[in-house]
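J.: These protein sequence lines map, in sequence, to chains A and B.
Take 1 as the starting number for the first sequence in UniProt numbering and just add one per residue.
Take 1 as the starting number for the second sequence in UniProt numbering and just add one per residue.
Idealized CB from N, CA, C, for every residue including glycine.
Next up is a structure, given as structure tokens.
2 protein chains.
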Amino acid sequence: MDPPARAWAAAGQALLATLAARLRDPLAGGAAGPAAAAPGRAWPAPEPCRLELHAPLPQAGRPADAVLAQALPLLLEGLPPPDHPRALAYITAPVDPFAVLGSLLAAGLQANLGLRRMAGLACAIEAQTLAWLAELVGAPALRGGLLLGGGSAAGQTAVWAALARACPGWHEEGLGARGPQLVAYASAASHHWLDRALRLAGLGARGLRRLPVDAEQRLQPETLARALAADRRAGRIPWLLVAHAGTVGSGAVDPLAALAALARREDLWLHIDGAYGAPYAALQAEPGGSDRLAACGASALADPAGLNQADSLALDPHKALHQPLGCGALLLRRPETLPAAFADAPPYYAEAEPAADPAPDPSQCGPENSRPFRALPLWLSLQAAGAQGLRASLRAELDGAAALRAALQASPAFVGGPGALGVQTFRPRAGGDAAVGQLLARLRADGHAALSAVRLAGPDETAPAAGAPRWLRACVVQGLGSAPEGLARLPGELAARLDPGAVGD
Amino acid sequence: MDPPARAWAAAGQALLATLAARLRDPLAGGAAGPAAAAPGRAWPAPEPCRLELHAPLPQAGRPADAVLAQALPLLLEGLPPPDHPRALAYITAPVDPFAVLGSLLAAGLQANLGLRRMAGLACAIEAQTLAWLAELVGAPALRGGLLLGGGSAAGQTAVWAALARACPGWHEEGLGARGPQLVAYASAASHHWLDRALRLAGLGARGLRRLPVDAEQRLQPETLARALAADRRAGRIPWLLVAHAGTVGSGAVDPLAALAALARREDLWLHIDGAYGAPYAALQAEPGGSDRLAACGASALADPAGLNQADSLALDPHKALHQPLGCGALLLRRPETLPAAFADAPPYYAEAEPAADPAPDPSQCGPENSRPFRALPLWLSLQAAGAQGLRASLRAELDGAAALRAALQASPAFVGGPGALGVQTFRPRAGGDAAVGQLLARLRADGHAALSAVRLAGPDETAPAAGAPRWLRACVVQGLGSAPEGLARLPGELAARLDPGAVGD
Chain A
1 MDPPARAWAA
11 AGQALLATLA
21 ARLRDPLAGG
31 AAGPAAAAPG
41 RAWPAPEPCR
51 LELHAPLPQA
61 GRPADAVLAQ
71 ALPLLLEGLP
81 PPDHPRALAY
91 ITAPVDPFAV
101 LGSLLAAGLQ
111 ANLGLRRMAG
121 LACAIEAQTL
131 AWLAELVGAP
141 ALRGGLLLGG
151 GSAAGQTAVW
161 AALARACPGW
171 HEEGLGARGP
181 QLVAYASAAS
191 HHWLDRALRL
201 AGLGARGLRR
211 LPVDAEQRLQ
221 PETLARALAA
231 DRRAGRIPWL
241 LVAHAGTVGS
251 GAVDPLAALA
261 ALARREDLWL
271 HIDGAYGAPY
281 AALQAEPGGS
291 DRLAACGASA
301 LADPAGLNQA
311 DSLALDPHKA
321 LHQPLGCGAL
331 LLRRPETLPA
341 AFADAPPYYA
351 EAEPAADPAP
361 DPSQCGPENS
371 RPFRALPLWL
381 SLQAAGAQGL
391 RASLRAELDG
401 AAALRAALQA
411 SPAFVGGPGA
421 LGVQTFRPRA
431 GGDAAVGQLL
441 ARLRADGHAA
451 LSAVRLAGPD
461 ETAPAAGAPR
471 WLRACVVQGL
481 GSAPEGLARL
491 PGELAARLDP
501 GAVGD
Chain B
1 MDPPARAWAA
11 AGQALLATLA
21 ARLRDPLAGG
31 AAGPAAAAPG
41 RAWPAPEPCR
51 LELHAPLPQA
61 GRPADAVLAQ
71 ALPLLLEGLP
81 PPDHPRALAY
91 ITAPVDPFAV
101 LGSLLAAGLQ
111 ANLGLRRMAG
121 LACAIEAQTL
131 AWLAELVGAP
141 ALRGGLLLGG
151 GSAAGQTAVW
161 AALARACPGW
171 HEEGLGARGP
181 QLVAYASAAS
191 HHWLDRALRL
201 AGLGARGLRR
211 LPVDAEQRLQ
221 PETLARALAA
231 DRRAGRIPWL
241 LVAHAGTVGS
251 GAVDPLAALA
261 ALARREDLWL
271 HIDGAYGAPY
281 AALQAEPGGS
291 DRLAACGASA
301 LADPAGLNQA
311 DSLALDPHKA
321 LHQPLGCGAL
331 LLRRPETLPA
341 AFADAPPYYA
351 EAEPAADPAP
361 DPSQCGPENS
371 RPFRALPLWL
381 SLQAAGAQGL
391 RASLRAELDG
401 AAALRAALQA
411 SPAFVGGPGA
421 LGVQTFRPRA
431 GGDAAVGQLL
441 ARLRADGHAA
451 LSAVRLAGPD
461 ETAPAAGAPR
471 WLRACVVQGL
481 GSAPEGLARL
491 PGELAARLDP
501 GAVGD
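Following this line, the structure appears as structure tokens:
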């Protein structure tokens, strides 16, 4: 091996050692250090970024090891460790270490998945990976799709595919006169990627009708049926229903099969946003899995007619499949609707031969042109874990969340709110919003755990009101690190941080 | 270090060794092997993907090293090596090996750059990286922006920001009545990301007016001025001009300063698509750099009033900055136009405290919500190379392309067509399209080099005609591997593959 390649490999080995130490203990190398963190393994308190990153671009280069030696302590101290067992604020999961190696390999191979003729093998691996995802979640009818940069991109891509179908002439005329009449439907609990996707498509906020949810934050078919009838009477054109398998606020799963049947009857494109929750449908295939799903409010995921009935389904492998950020999956019942929406015929390309693989290039199936090899880390992870390993990780998350729920129920200090899958909302039994804010402020200061706060829409509301009560939210997406005993201790640890008045009587 | 972490590091070390061998010789580990490839280092002949990737998802997992042992030979044989010196078909560059390590680190850190409160340091590093890019290309007026998944995403994001400005009420009403009147402008040579971006925004193909180019494929301001006057007379609303710093077909650079002045007068948003070519503006800062830019048809990049006058500028760091795929940069004169277009106020988020950093979250500045740490590989690369190292790599590419141009000019077999920066078109002196096709077929069969073919718009044409002559296209984006001697030999090597009739008299 020649000297530059040798130096490169040496720098890489040093990096691997650093990352392996962090893998062994998420706080290794951080300011607090492993000793200070034990035994509670406190989440490091967030601080404003003190670093002054205002230096001009260096003129002269520096050896790679010198650059890394300066950068690494900064990064390890300044960024929260992703696999901390009390990082419960958002549905951003710790990464599978093996997928981290997959990212190294994908970057090193630099395959451009826009064109099959340059990266046919990589495209085949992406197709296999998508087929495995569909198989995993029990949705074999979803025959193909695309990996995109995240759940928002996957959802946007589905919206555009649906729009090209709903708006004949869209390629040439744009939305045209139909635009103002088009109405999409989703629940009051849906994620704002959808509002944004409709805005980016030119439809604006008025293109989305949000519908009230039940006490468990689920959209009921009769609510949708009433809205559809009213809109049709008013001359509007219903075209898209977005149902949720795991809402952002409380993890709620809509009654998917019933909504799918209604969408079919009404000729709506059904997109299921399973960014967070769809992978848990993998548990339907194991003994007791359906009961476990029902116990955590997600019986719709145990129904084989659920996800499998979607026209499109988005997953975020960087959530419950523990992939590096930057990977969203879109699966479709009719993958050929993607080229119908996205295909171009750039007049400057004039290749001599038809491609050996007659399938359309991925650059003709989505918004991107050049594309990274997003499938590689996931393809490797799926093989290393196998369906059994994946289900073990998903089961651990639901069991961890169940332990948290039980402890909250037993706690004199807290009341539980809506919660499904690995997400649970709760708040101090007394003291209202002030007590929620006080607890969050104390957690921020002492870094014991990272939680977030959400507002939820009440009955008959189409969005959470500005003054609605705030709920603390815990998202258990720690994979096999979701130890029930640690999560069961959390309510007590949080209660110790409440003012006496907030604990209630 | 405990056993899982140790096994993980060992698997990573094996991967590093494999990638280092490939770094030393791009064909190492491939089917042909280094011996067979010397001395010409033939580009491996593309074959249809023979692999049957139709196995179901494995039920049981397997050890990571077993998964890698099976996957690696497949990947190394099946994917073309990115740093092959004769991979000239597309503007996809070989990756900086140090940036590959940056990808490993970014995946391992799993920072989510959507929210500052979770990844403030990473957001600060992204901001510094963007500032360095602006400094590098001599555009200090571009004060901020965003890293996105690629050049198309960067351009789309600029289009949406411009649209939110052009269409008051866009958030609520969508395109509304203004939609059908809006006209965007670009040259006949522009990349199809723009057509797609306008379609995705709901404007359709009719929303883009393509304008004829000069003999060097450049849009001239007087052509634009005439079109603007005609459209304004007809009651249409000009809102966006996309100028090119490096077109896809021939690398052409539009007269940026003159177009910028016109755009300013006419109140158009000027987006410069510098996905490929903008980094070469870094050469304006070195002695002789402006002459070198002028000699390769890119004198507009030597003008400090060029890129610096843009409202927005897109770069693809995975091209001439040699980053892993999946990184596009958007720089803006008024970065605050991004939140004006993209900001949402999701009613379910109810954080207790205002963020320590009052800048808007990146998830409020673009189409994405969760975002990977795209800046990290680039931030590390820029420090390791320094401005001097970056300029050396860019200079090597232009010198390589100049050697190719000179050799084509001296060749009895070929005539050169339009070409600027590192891109050059050419075709056999005789034999027309058939000779082009025959040469490409022979190159595909023997794998000596990878070239592509393009059609270019002629005078007064707004797009290349279907029957326009085809040009061979060579894109020199090999960094310091763009050896002029190898590129000077290429015309002779290609001529040896022509039928006698195609060489001409």
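Pick from A/Gly416, A/Ala457, A/Leu203: whose alpha carbon is nearest that of B/Ala350?
T.: As a working note, residue 350 of chain B is residue 350 in the second sequence. The candidate whose alpha carbon is nearest that of B/Ala350 is A/Ala457.
J.: Check the C-beta distance from B/Val183 over to B/Arg165 and give it rounded, since I have them as a contact under 8 Å.
T.: What you label residue 183 of chain B is simply residue 183 of the second sequence in a count that begins at 1. What you label residue 165 of chain B is simply residue 165 of the second sequence in a count that begins at 1. About 15 Å; that fails the 8 Å criterion.
J.: In angstroms, rounded to a whole number, what distance separates the CA positions of residue 518 of chain A and A/Asp254?
T.: As shown, chain A starts at 1 and ends at 505. That puts residue 518 of chain A outside it, with no answer to give.
J.: So if I threshold CB-CB distances at 8 Å, which residues from the segment 322–351 of chain B count as touching chain A?
T.: Flagged, chain order: Pro324, Leu325, Gly326, Phe342, Asp344, Pro346, Pro347, Tyr348, Tyr349, Ala350, Glu351.
J.: Got a sec, what are the start and stop residues for the beta strand (DSSP E) A/Gln424 sits in?
T.: The residue given as residue 424 of chain A occupies position 424 in the first sequence. Here the beta strand (DSSP E) through A/Gln424 covers 423–428.
J.: Within 8 Å (strictly less), CB to CB, does A/Tyr276 reach chain B?
T.: One-based indexing of the first sequence puts residue 276 of chain A at position 276. Judged by the 8 Å Cβ criterion, A/Tyr276 is not in contact with chain B.
J.: Using only the alpha-carbon positions, how far apart do B/Leu315 and B/His322 sit?
T.: Against the second sequence, residue 315 of chain B aligns to sequence position 315. Against the second sequence, residue 322 of chain B aligns to sequence position 322. Roughly 12 Å between the two C-alpha positions.
J.: Mapping DSSP to helix, strand and coil, what is B/Gly150?
T.: Residue mapping note: residue 150 of chain B aligns to position 150 of the second sequence, counting from 1. Coil.
J.: For B/Glu485, which three-state DSSP category applies?
T.: Residue mapping note: residue 485 of chain B aligns to position 485 of the second sequence, counting from 1. The answer is helix: DSSP assigns B/Glu485 an H, G or I state.
J.: So which residues on chain A does B/Glu135 lean against when the C-beta distance must stay under 7 Å?
T.: Here residue 135 of chain B corresponds to residue number 135 of the second sequence, with the count starting at 1. What B/Glu135 touches in chain A: Pro56, Leu57.
J.: Terminal residues of the continuous beta strand (DSSP E) containing A/Arg455?
T.: Within the first sequence, residue 455 of chain A is the residue found at index 455, counting from 1. Segment 452–455, the beta strand (DSSP E) holding A/Arg455.
J.: Write down every uninterrupted run of the alpha helix (DSSP H) in the segment 361–448 of chain B whose length is 4 residues or greater and which is fully enclosed by it, in chain order.
T.: Listed in chain order, they are 375–410, 432–446.
J.: Of the residues that make up the segment 169–193 of chain A, which ones have a beta carbon closer than 7 Å to any beta carbon in chain B?
T.: Correct list: Trp170, His171, Glu172, Glu173, Gly174, Leu175, Gly179, His192, Trp193.
J.: Which runs of the beta strand (DSSP E) fall wholly inside the segment 202–239 of chain A and span at least 3 residues, in chain order?
T.: Complete beta strand (DSSP E) runs here, min 3: 208–211.
J.: Based on Cα-Cα distance, which residue from A/Ala401, A/Ala483, A/Tyr90 lies nearest to A/Ala298?
T.: In the first sequence, residue 298 of chain A corresponds to position 298, counting from 1. With distances taken between Cα atoms, A/Ala298 lies closest to A/Ala401.
J.: Classify B/Ala229 as buried or exposed, calling it buried when 16 or more other Cβ atoms lie within 10 Å of its own Cβ.
T.: Reading the second sequence from its first residue, position 229 is the one you call residue 229 of chain B. The residue in question, B/Ala229, is exposed, as its Cβ has fewer than 16 Cβ neighbours within 10 Å.
J.: Out of curiosity, what's the CA-to-CA distance linking A/Ala37 and A/Leu394?
T.: If you number the first sequence from 1, residue 37 of chain A lands on position 37. If you number the first sequence from 1, residue 394 of chain A lands on position 394. Low local confidence applies: a pLDDT of 41 at A/Ala37 is under 50, so the model's placement there is unreliable, and no value is given.
J.: According to DSSP, which residues form a beta bridge with A/Leu182?
T.: Taking the first sequence and counting its residues from 1, the one referred to as residue 182 of chain A is at position 182. Answer is A/Ile237.
J.: List, in chain order, every chain A residue whose beta-carbon is nearer than 8 Å to that of B/Gln92.
T.: For this step, residue 92 of chain B is matched to residue 92 along the second sequence. Note that residue 92 of chain B is Thr in the sequence shown, not Gln. Gln110, Asn112, Met118, Ser370, listed in chain order.
J.: Can you check which of these residues, A/Pro4, A/Arg22, A/Ala71, is closest to B/Trp379 by C-alpha distance?
T.: Residue numbering aside, residue 379 of chain B sits at position 379 when the second sequence is read from its first letter. Considering only alpha carbons, the answer is A/Ala71.
J.: List the residues of chain B whose Cβ lies closer than 9 Å to the Cβ of A/Glu8, in chain order.
T.: Locating residue 8 of chain A in the first sequence gives position 8, counting from the first residue. Note that residue 8 of chain A is Trp in the sequence shown, not Glu. Simply Leu16, Leu19, Ala20, Leu23, Pro97, Phe98, Val100, Leu101.
J.: Strictly by DSSP, which residues pair up with B/Gly328?
T.: Position 328 of the second sequence, counting from 1, holds the residue named residue 328 of chain B. Answer is B/Leu148, bridged to B/Gly328.
J.: Would you identify the three-state DSSP class for B/Val248, choosing helix, strand or coil?
T.: Position 248 of the second sequence, counting from 1, holds the residue named residue 248 of chain B. It is coil, neither helix nor strand.
J.: Is the distance from the Cβ of B/Gly328 to the Cβ of B/Gly150 below 8 Å?
T.: Numbered from its first residue, the second sequence carries residue 328 of chain B at position 328. Numbered from its first residue, the second sequence carries residue 150 of chain B at position 150. Yes, the Cβ-Cβ distance between B/Gly328 and B/Gly150 is below 8 Å.
J.: Would you tell me roughly how many angstroms separate the C-alpha atoms of A/Arg226 and B/Gln128, rounded to the nearest one?
T.: For the purposes of this step, residue 226 of chain A is taken as the residue at position 226 of the first sequence. For the purposes of this step, residue 128 of chain B is taken as the residue at position 128 of the second sequence. So the two alpha carbons sit approximately 52 Å from each other.
J.: From the DSSP output, in three-state form, read off A/Tyr349 for me.
T.: In the first sequence, residue 349 of chain A corresponds to position 349, counting from 1. A/Tyr349: strand per DSSP, three-state reduction.
J.: Quick one: what's got a C-beta closer than 7 Å to A/Trp170's C-beta in the same chain, skipping five residues either side?
T.: One-based indexing of the first sequence puts residue 170 of chain A at position 170. Excluding residues within five positions, the ones whose Cβ falls inside 7 Å are Leu163, Ala164.
J.: Can you confirm whether the segment 85–103 of chain B touches the segment 335–347 of chain B when touching is taken to mean that 3 or more C-beta pairs between the two stretches lie within less than 8 Å?
T.: The segment 335–347 of chain B, when compared against the segment 85–103 of chain B, does not touch it at the 8 Å Cβ threshold.
J.: Could you pull the start and end residues of the beta strand (DSSP E) that B/His271 belongs to?
T.: The residue given as residue 271 of chain B occupies position 271 in the second sequence. Run containing B/His271: 269–273, per the beta strand (DSSP E) assignment.
J.: If you compare alpha carbons, which of B/Ala263, B/Ala252, B/Ala261, B/Arg489 is closest to B/Ala278?
T.: Position 278 of the second sequence, counting from 1, holds the residue named residue 278 of chain B. For B/Ala278, the nearest C-alpha among the options comes from B/Ala252.
J.: In its own chain, which residues sit with a C-beta less than 7 Å from the C-beta of B/Ala188, not counting the 5 before and 5 after it?
T.: Position 188 of the second sequence, counted from the first residue, corresponds to residue 188 of chain B. Within the same chain, B/Ala188 has close Cβ partners Arg210, Leu211, Pro212, Val213, Ala457, Glu461, Thr462, Ala463.
J.: For B/Cys475, list the residues DSSP reports as bridge partners.
T.: Taking the first residue of the second sequence as position 1, residue 475 of chain B is located at position 475. DSSP output for B/Cys475 lists B/Val423 as bridge partner(s).
J.: Could you check the C-alpha separation between A/Pro34 and A/Pro81 for me, to the nearest Å?
T.: Here the question's residue 34 of chain A lines up with position 34 in the first sequence. Here the question's residue 81 of chain A lines up with position 81 in the first sequence. Residue confidence for A/Pro34 is low, a pLDDT of 40 falling below 50, so the modelled location carries little weight; the figure read from the coordinates is stated next. Going from the Cα of A/Pro34 to the Cα of A/Pro81 covers about 12 Å.
J.: Of the residues that make up the segment 382–393 of chain B, which ones have a beta carbon closer than 7 Å to any beta carbon in chain A?
T.: For the segment 382–393 of chain B, which is checked against every Cβ of chain A, the residues closer than 7 Å are Leu382, Gln383, Ala384, Ala385, Gly386, Ala387, Gln388, Gly389.
J.: How would you list, in chain order, the residues of chain B whose beta-carbon sits under 7 Å from the beta-carbon of A/Gly61?
T.: The count along the first sequence starts at 1 and reaches residue 61 of chain A at position 61. Neighbours of A/Gly61 on chain B, chain order: Ala384, Ala385, Gly386, Gln388, Gly389.
J.: As a quick exercise: from A/Cys296, A/Pro44, A/Ala107, pick the residue whose alpha carbon is nearest that of B/His318.
T.: For this step, residue 318 of chain B is matched to residue 318 along the second sequence. Checked all of A/Cys296, A/Pro44, A/Ala107; the closest Cα to B/His318 is A/Ala107.
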